[in-house]
Amino acid sequence: MVAMPMTGQRGRCALRSAQLRHKSKKGRTSPAPRANRGERDMRAILFTALAGAAIVAAPASAQPYNLTIAGYSPGGLVSTVGAGLDKALAAAYPGSTLTYQTSSGGLANAMMLEQKKVPLGLVADHELAVAVNGRAPFKKPLKDLRILFHPYSPGSRFQASHVIVNKAWADRYGIATVADIAKKKPPLRIAFNRPGNLDGDMSIALMAAEGITQADIRKWGGQVVRAASQEMTSLMLDRRLDGVSFGISINHPRIQEMDNGLELVMLPMSEAAVQKATNEVGGKPCMIKAGEYKFLAANSPSACIGMSVVVRADMDDALAYNIVKGVIDNVDDYRSAHRLLKSAVTLQSLTEAGGPAPFHPAALKYFKEKGLAK
4 MVAMPMTGQR GRCALRSAQL RHKSKKGRTS PAPRANRGER DMRAILFTAL AGAAIVAAPA
64 SAQPYNLTIA GYSPGGLVST VGAGLDKALA AAYPGSTLTY QTSSGGLANA MMLEQKKVPL
124 GLVADHELAV AVNGRAPFKK PLKDLRILFH PYSPGSRFQA SHVIVNKAWA DRYGIATVAD
184 IAKKKPPLRI AFNRPGNLDG DMSIALMAAE GITQADIRKW GGQVVRAASQ EMTSLMLDRR
244 LDGVSFGISI NHPRIQEMDN GLELVMLPMS EAAVQKATNE VGGKPCMIKA GEYKFLAANS
304 PSACIGMSVV VRADMDDALA YNIVKGVIDN VDDYRSAHRL LKSAVTLQSL TEAGGPAPFH
364 PAALKYFKEK GLAK
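Start counting the sequence shown at 4; every next residue gets the next number (our numbering).
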């Protein structure tokens, strides 16, 4: 915000003082003596210097931002990211607000950006790859999408695929791994994430890589439910599901809530199945370690996904630059939103190259200034 010199009451008083008339010896008023040319020049120089100083002294952070970012379901792990970004921007630009707008997921967010309905969107890396390459459900590549930064990378395990079942169900049918489901074909009521959210596609791909299709589940007397993590949790606690498969952070509150109401078992996946699914859908193989859950007896290979803050290529350079600067300069405020962000997010992960879309030029400019990109 630029400070405008000599405005308001103080400016009016100063102006009036400069126009005061003095009284002559006879009590009559007459105009104040006219300054000579040298004095006028000095006053002009002084005024210009003071005005310039006011402009320079005006803090760049004085202008608050009121922005909307398209997210995912309410209460999910991505909403935690939204809360952290809001906190970082408020620290950088006091009075700023980042409104988290729920949606059906990253594919919908990419389309809203394409249609100029929102200025920012959270899009998982595998969803962004679908959008920029024009794969279904898109009819053409979305070439105008750009990345500002990555709120989390695959290595943070902030979105790691889990297959968790009710222990009573697992004991009844002798199920200890995901592969056992394919072998023993028990009736299974399981939930995957909602249609339009590629986390659900990842779960379906992981199951298929283990030899279990949705048609198989139904054929064996089971049921496939598509729901967000909050609804999955409620259905598990109501005993209306036998299991869930979703991408979520290690020891996420949703899992803790289920664990408080049920005895659970986490079913390990095979490394081959994880590799096959990530090759097909996206993401990278990772590991959930034995002991990270009391109900996980052995290391379980998993698929981990990263996330990007995505904008349009025509976003104003100054706005893009200030958003990136605000988050990176206040990264501790962002990381404080979640314990995994605190331990896993680094300046390098935020600015990691090689994403599905190019960085916005203003973001790259800031990265280079900070020595985070060449």
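Glycine included, C-beta positions come from ideal geometry on N, C-alpha and C.
Cβ of residue 151 within 9 Å of Cβ of residue 339? With a cutoff of 9 Å on beta-carbon distance, residue 151 and residue 339 are scored as not near each other.
Quick check: residue 165 and residue 309, are their CB atoms within less than 9 Å of each other? Against a cut-off of 9 Å, the Cβ pair of residue 309 and residue 165 comes out as no contact.
What three-state label does DSSP hand residue 287 in the structure shown?
-> Residue 287 falls in the strand class under three-state DSSP.
Task: CA nearest to the CA of residue 330, picked from 191, 342 and 349 - done: Nearest to residue 330 by C-alpha distance, out of 191, 342 and 349, is 349.
Item to complete: Could you tell me the distance, in whole angstroms, from the CA atom of residue 370 to the CA atom of residue 352?
Response: Their backbone Cα atoms lie some 12 Å apart in a straight line.
Run through the segment 49-136 for me and flag every whole beta strand (DSSP E) of 3 or more residues, listed as ranges in chain order. Runs of the beta strand (DSSP E) inside the segment 49-136: 69-73, 100-104 and 123-127.
Practice item. Assign residue 259 to one of two classes, buried (16 or more other C-beta atoms within 10 Å of its C-beta) or exposed (fewer than that). Key: Exposed is the label assigned to residue 259, since fewer than 16 other Cβ atoms lie within 10 Å of its Cβ.
Taking the alpha helix (DSSP H) that residue 261 falls in, what are its first and last residues?
-> For residue 261, the uninterrupted alpha helix (DSSP H) segment begins and ends at 256-264.
Out of 179, 163 and 233, which one is the CA nearest neighbour of residue 298?
Closest option to residue 298, judged by alpha-carbon separation, among 179, 163 and 233: 179.
When we look at the beta-carbon of residue 365 and count the other beta-carbons within 10 Å, is it buried (16 or more) or exposed? By the neighbour-count rule (16 or more Cβ atoms within 10 Å), residue 365 is buried.
**Own chain residues within Cβ distance below 7 Å of residue 281, not counting five before or after** = 287, 288 and 306.
### Query
Under the rule that 16 or more other beta-carbon atoms within 10 Å means buried, what is residue 294, buried or exposed?
Around the Cβ of residue 294, a 10 Å sphere holds fewer than 16 other Cβ atoms; the residue is exposed.
*asked:* Here's the rule I'm using: 16 or more other beta-carbon atoms within 10 Å means buried, otherwise exposed. How should residue 325 be labelled?
replied: Buried, since its Cβ has 16 or more Cβ neighbours within 10 Å.
The alpha helix (DSSP H) spanning residue 203 covers which residue range? Taken as a continuous stretch (DSSP letters only), the alpha helix (DSSP H) holding residue 203 covers 201-212.
Where does residue 301 land, buried or exposed, given buried means 16+ other C-beta within 10 angstroms? Burial call: exposed.
Helix, strand or coil at residue 296 [DSSP, three-state]:
Coil, per DSSP.
Coil, strand or helix - residue 348 by DSSP:
Looking at residue 348 - three-state DSSP - the assignment turns out to be coil, as it is neither helix nor strand.
* Tell me, which residues are paired with residue 162 by DSSP? -> The partner list for residue 162 (beta bridge, DSSP) is empty, contrary to what the question assumes.
| task | Helix, strand or coil for residue 169, going by three-state DSSP, please let me know. | result | Of the three classes helix, strand and coil, the one that applies to residue 169 here is strand, per DSSP.
What number of angstroms, rounded off, separates the C-alpha of residue 91 from the C-alpha of residue 202? One alpha carbon belongs to residue 91, the other to residue 202, and they sit about 27 Å apart.
Starting from residue 141, trace the alpha helix (DSSP H) in both directions and tell me its first and last residue. Looking at the DSSP string, residue 141 is not in any alpha helix (DSSP H), and its letter there is neither H nor E.
Spatially closest choice to residue 158 from 141, 175, 135 and 128, by CA coordinates: The shortest Cα separation from residue 158 among 141, 175, 135 and 128 belongs to 128.
Name the DSSP beta bridge partners of residue 273, please? Answer by DSSP bridge pairing: none, since residue 273 is not bridged.
Checklist line | Neighbourhood of residue 341 by C-beta distance below 6 Å, restricted to the same chain and skipping five residues each side | finding: Cβ neighbours of residue 341 beyond the five flanking positions: 83.
Query raised in the report: In angstroms, rounded to a whole number, what distance separates the CA positions of residue 290 and residue 304?
Result: C-alpha separation (whole angstroms): 5 Å.
### Query
Helix, strand or coil: which one does DSSP assign to residue 304?
Residue state, collapsed to three classes: strand.
- Query: From 77, 296, 243 and 285, pick the residue whose C-alpha is nearest to that of residue 267; which is it?
  - Reply: Residue 296 is the option with its Cα nearest to residue 267.
message: On the DSSP letters alone, give me the boundaries of the beta strand (DSSP E) that residue 150 sits inside.
response: Looking at the DSSP string, the run of the beta strand (DSSP E) that includes residue 150 is 148-155.
Margin query: Comparing C-alpha positions only, which one of 104, 227, 235 and 320 sits nearest to residue 81?
Written below: Answer by Cα proximity: 104.
Member of 232, 66 and 191 whose CA lies at the smallest distance from the CA of residue 257: Of the listed residues, the one whose Cα sits closest to residue 257 is 232.
Exercise. Please find out if some non-hydrogen atom of the ligand GTP comes closer than 8 Å to the beta-carbon of residue 254.
Key: With respect to small molecules bound, the structure shown includes none, and the ligand GTP cannot be examined in it.
In the DSSP assignment, find the unbroken beta strand (DSSP E) run with residue 250 in it and report its ends. Taken as a continuous stretch (DSSP letters only), the beta strand (DSSP E) holding residue 250 covers 246-251.
Span of the alpha helix (DSSP H) around residue 326 | Element bounds for residue 326: 320-332.
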